[in-house]
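Undergrad:
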Amino acid sequence: MDSLGPECLSLTKTIIKELSYLPQIERIADISCGYGNLSIALYELTNADIIAIDHRSELIEIFQNELKFNKLNNHIIAKYSKLDKLPFNEEELDILWSSDLPSEFTFKRVLSNWSQFIKRNGYIVICAYCWNSPYKPKEVSDFFLSCGIEIDHISNRIEEMENKGFAPVSHFIVPDTSWWNFFYSIDVQKENLSKKYANNKDVQSFLRSINLAVNLFEKYRDYYSYAYFVGRKLPANKI
Numbered sequence: 017m018d019s020l021g022p023e024c025l026s027l028t029k030t031i032i033k034e035l036s037y038l039p040q041i042e043r044i045a046d047i048s049c050g051y052g053n054l055s056i057a058l059y060e061l062t063n064a065d066i067i068a069i070d071h072r073s074e075l076i077e078i079f080q081n082e083l084k085f086n087k088l089n090n091h092i093i094a095k096y097s098k099l100d101k102l103p104f105n106e107e108e109l110d111i112l113w114s115s116d117l118p119s120e121f122t123f124k125r126v127l128s129n130w131s132q133f134i135k136r137n138g139y140i141v142i143c144a145y146c147w148n149s150p151y152k153p154k155e156v157s158d159f160f161l162s163c164g165i166e167i168d169h170i171s172n173r174i175e176e177m178e179n180k181g182f183a184p185v186s187h188f189i190v191p192d193t194s195w196w197n198f199f200y201s202i203d204v205q206k207e208n209l210s211k212k213y214a215n216n217k218d219v220q221s222f223l224r225s226i227n228l229a230v231n232l233f234e235k236y237r238d239y240y241s242y243a244y245f246v247g248r249k250l251p252a253n254k255i
């Protein structure tokens, strides 16, 4: 499996173009980087130094080997770290980016705890599940609740960014095609993944939930979405 979530290179390119306030992008953190596809894309799009962080040591080891093989390890540094103890100094990063966070790292928690690592006028780019309409299908609500995943209205996400000292720049909904590509990549490998990770509770739980996730997406995708939110960190006197 090449990805742990839906990916969209064209959307990544669009977001990078939105980050126009910075005269130069020098240092980007990709948090919960997984297999590192996004980290490589960010390097190719910006030529910045990339610090790829993940709390799963086995994924970091795979990514480190790939970086060495492709001679990218001088440009992209892959590190294992607990996500509540990120290895950054204050105002070190031009951009902090995360498209695949564990459920315990809520939107508000990330904005509150990770803002310190971003330079003033630097950017945060994070993903979150959102309701697209006032109607909330019970099946969808129950699924997110059972998985411990937070979901909220887009307007509330934007308000949270403002309350935490960020100027909302834009938000982008991940296109349906990215989801179908992701679901297909899992479907063709489910049996092999189930055997390979037979003793991994997280993987087994993920595989059990994927069929339900596909069915819900087929029925209710007009009512909820996965969206990128882009915010610019304001100077202290403007917060």
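Take the sequence shown: its position 69, counted from the start at 1, is 85 in the working numbering, and no numbers get skipped.
Backbone N, C-alpha and C define an ideal beta-carbon position, used for all residues, glycine too.
In three-state terms, what does DSSP make of valine 141?
TA: Three-state DSSP puts valine 141 in a strand.
Undergrad: If you measure between the beta carbons of glutamate 107 and isoleucine 134, is that distance less than 9 angstroms?
TA: A contact, by the Cβ cut-off of 9 angstroms.
Undergrad: So, using beta-carbon positions, are lysine 249 and glycine 181 closer together than 9 angstroms?
TA: Yes.
Undergrad: Assign alanine 94 to buried or exposed, taking buried as 16 or more other Cβ atoms, counted over all protein chains shown, within 10 Å of its Cβ.
TA: With 16 or more other Cβ atoms within 10 Å, it is buried.
Undergrad: Once DSSP output is grouped into helix, strand and coil, what is the label at valine 156?
TA: Helix.
Undergrad: Measuring alpha carbon to alpha carbon, tell me which of Val141, Gly21 and Ala64 ends up nearest histidine 91.
TA: For histidine 91, the nearest C-alpha among the options comes from Ala64.
Undergrad: Since leucine 112 is in the beta strand (DSSP E), which residue starts that stretch and which ends it?
TA: Looking at the DSSP string, the run of the beta strand (DSSP E) that includes leucine 112 is 109-114.
Undergrad: If I'm right that glutamate 155 touches leucine 102 with Cβ under 8 angstroms, what's the distance once you round it to whole angstroms?
TA: Rounded, the Cβ-Cβ distance is 36 angstroms, inconsistent with contact.
Undergrad: Taking 8 angstroms as the cut-off, does the segment 51-66 touch the segment 76-86 (at least 3 CB pairs, one atom from each stretch)?
TA: Output reads yes: the segment 51-66 touches the segment 76-86.
Undergrad: Report the start-end ranges of each alpha helix (DSSP H) in the segment 164-240 that is 4 residues or longer and not cut off at the edges.
TA: Taking only runs of at least 4 residues, the alpha helix (DSSP H) segments lying wholly in the segment 164-240 are 170-179, 192-203, 206-212 and 217-236.
Undergrad: By alpha-carbon positions, which one of Ala57, Ile47, Ser26 and Phe245 ends up nearest to serine 171?
TA: Closest option to serine 171, Cα to Cα, is Phe245.
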